[in-house]
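Here is the structure:
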């Protein structure tokens, strides 16, 4: 749709990335624009509605000037202090100025080029003699812009100090000085820092417009040192371009964001335009209502405003297009009709009109004449004004209620914790606004923690030992929070009792004390521990009293079948052993000899367990072992007796 509606006047009217300056030749046939990247100039022939030629340059162009009526003589001021001259065939000559230039103007009677820039001097280059002349010595440290009056050829330059110096080229003397920085400060303007001159333009013989770096445009009569009018753009951006439109006595001023057209006598805004991309330069096509802009984008924009003037000769068809658009305004089919449903007709008492020419069936309802609808509504509901009045009164009451203290609805469980989270959330929001960070989600709004504020089992016990030791200074803060909580509950009760409540002041005006003081923290910890010891002592005494009063009853324990009771120490040992970690138990088993851990050849470990024997097996084994030992002793004694008898016989 955008492509079908778009009118492309000049083919390929664009730059590779950015366009910086745009100008029209004096004969109106050629439009020239400079841009990047790479630095280049493009010339467009309006008679052919296409590009005529393109030339690439060595460095970026600060500004340029067309000296001839067509494209045959052009001067470029480049970034590297170079001044480059082009003729009809292309590059002609290149020279250099001593300091970096920011702007230049051509003095036609003497063929002099005046260069201003990062210097207090104004360099003069004579194109007839082909040499530099004596420069003009100014009081400024640096100069930003310059212009020459087309009628009496007065040379004016805008300085970085916010002043405009006027020089007579014939005598090479300064003839005037305007302090524009002081004049730009009015009761309505807000200025940060000293404004410098960023734009300068003469109009006929006596008028001059000056643009400042803080976004003000000052219109001067050369016979007065005070401005006729001061116009503020209210954006605080430097003025890039100033143009005069004589047909409607308008001044077209532009900064990087907006183009404003306003009456030079009254300062009243005629219209304004805000392009999508930042503006670098604005060019008004002579004697027409066409504007061209150089932007921080590849596409260079063309605007046609019929009120400012007719379309140029090479695109006169634009006038026919605008006339056709005015003759055929787009209007909807049912502009003067009201859509009503069957229920609306019943309320108005107009159901008998269904099927007549007064109602047009459409979708789920009907279209009826808006005048008939208003008449029927007035007859059906004569008290509509009273309803309207009540609605307005209700809206006013709602507005006044919104200005009062906003009550925070706290949950039933863990009210103090919820109040603490709300306060912390408010502090975090202030910090994130300053640091421009994203807000973190709140626990109160998180569904995962919803039960904590609904189920009474999750109520925080502030009297517990763990809570009091972890939060030694919580007592001071909790007291304030309790006071605040009590106040909120009272306000809630008042809100329920009364429908309308007078406006009050915020109750949380107490100054927050710092809880990070080390001494106070240590003292509070000691105090809490002392209190805990005293409470423990009181509990012990109460327990002793209870023990003395109560009689001890014997307790009976049941032993499982197949087990023998030894002592209570074995069960205690088992419980201790079960509380130990697996590593400690393995070490203990290794010591007892029931576990054997050895390294394998692969590099892993091998663990061998020996099962524990039951009590009966152990007793049987001990009896067998004792029986074996007894038999061994009997055998030894029998063999000993036999040996004694043999020795006795031999001796005998």
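In our numbering, the protein residues as written are 300 to 951. Backbone N, C-alpha and C fix where the C-beta goes; we use that ideal spot for every residue, glycine too.
| Query | Result |
| --- | --- |
| Nearest to residue 392 (by Cα), restricted to the options 404, 748, 376 | 376 |
| Sub-8 Å separation of residue 362 and residue 312 beta-carbons | no |
| Contiguous alpha helix (DSSP H) assignments of at least 4 residues, all confined to the segment 301-353 | 301-304 |
| Through-space distance from residue 659 to residue 687, alpha-carbon basis | 30 Å |
| Contact under 8 Å by Cβ, residue 333 with residue 584 | no |
| Residue 798 burial status per 10 Å Cβ neighbour count (16 or more: buried) | Per-residue confidence for residue 798 stands at a pLDDT of 46, beneath the threshold of 50, marking its modelled position as unreliable; the derived number appears in the next sentence. Exposed: under 16 other Cβ atoms inside 10 Å. |
| Separation of residue 593 from residue 555, as counted between CA atoms | 10 Å |
| Which of helix, strand or coil DSSP assigns to residue 529 | strand |
| Residue 456 and residue 421 closer than 8 Å at C-beta | yes |
| The segment 573-583 / the segment 525-533 touching (three or more Cβ pairs under 8 Å) | no |
| Opening and closing residue of the alpha helix (DSSP H) in which residue 497 lies | Counting along the chain, residue 497 falls outside any alpha helix (DSSP H), though it belongs to the beta strand (DSSP E) covering 496-502. |
| Beta-carbon contacts of residue 310 that lie in its chain and below 8 Å, excluding the five residues immediately before and after | 348, 349, 350 |
| Candidates 530, 462, 453, 492: closest to residue 505 by CA position | 453 |
| Buried/exposed call for residue 464, threshold 16 Cβ in 10 Å | buried |
| Short Cβ contact (8 Å threshold) for residue 414 with residue 400 | yes |
| Whole-Å CB distance - residue 1025 paired with residue 759, under 8 Å assumed | The chain is shown from 300 up to 951; residue 1025 falls before or after that span and cannot be answered. |
| Candidates 480, 407, 386, 635, of which the one nearest residue 669 by Cα | 635 |
| Beta-carbon proximity check, residue 321 vs residue 667, cutoff 8 Å | no |
| Boundaries (first-last residue) of the alpha helix (DSSP H) holding residue 576 | Per DSSP, residue 576 belongs to no alpha helix (DSSP H) and is neither H nor E. |
| Residue 681 versus residue 606: straight-line alpha-carbon distance, rounded | 48 Å |
| DSSP-derived helix/strand/coil call for residue 378 | coil |
| Helix, strand or coil at residue 957 [DSSP, three-state] | In the structure as shown, the chain begins at 300 and stops at 951. Residue 957 is therefore absent and cannot be evaluated. |
| Where the alpha helix (DSSP H) containing residue 460 begins and where it ends | That residue, residue 460, is in no alpha helix (DSSP H); it is neither H nor E in DSSP. |
| Element boundaries [alpha helix (DSSP H), containing residue 672] | 669-679 |
| Separation of residue 408 from residue 343, as counted between CA atoms | 29 Å |
| Proximity winner among 514, 500, 501, relative to residue 494 (alpha-carbon distances) | 514 |
| Residue closest to residue 346, alpha-carbon to alpha-carbon, out of 639, 613, 841 | 613 |
| Residue 385 and residue 373 closer than 8 Å at C-beta | yes |
| For residue 662, three-class secondary structure by DSSP | coil |
| Cβ-heavy atom distance, residue 667 to the ligand MN, below 7 Å | Absence of the ligand MN from the depicted structure is noted, as is the absence of any ligand whatsoever, leaving it without description. |
| Extent of the continuous beta strand (DSSP E) to which residue 430 belongs | 430-436 |
| For residue 584, the three-state DSSP class (helix, strand or coil) | coil |
| Residue 517 - partner residues in DSSP beta bridges | 509, 529 |
| Top-ranked residue by Cα proximity to residue 544, from 476, 522, 512, 590 | 590 |
| Cβ separation of residue 317 and residue 595, assumed to be a contact under 8 Å, to the nearest whole Å | 6 Å |
| CB contact flag (residue 411, residue 433, <8 Å) | no |
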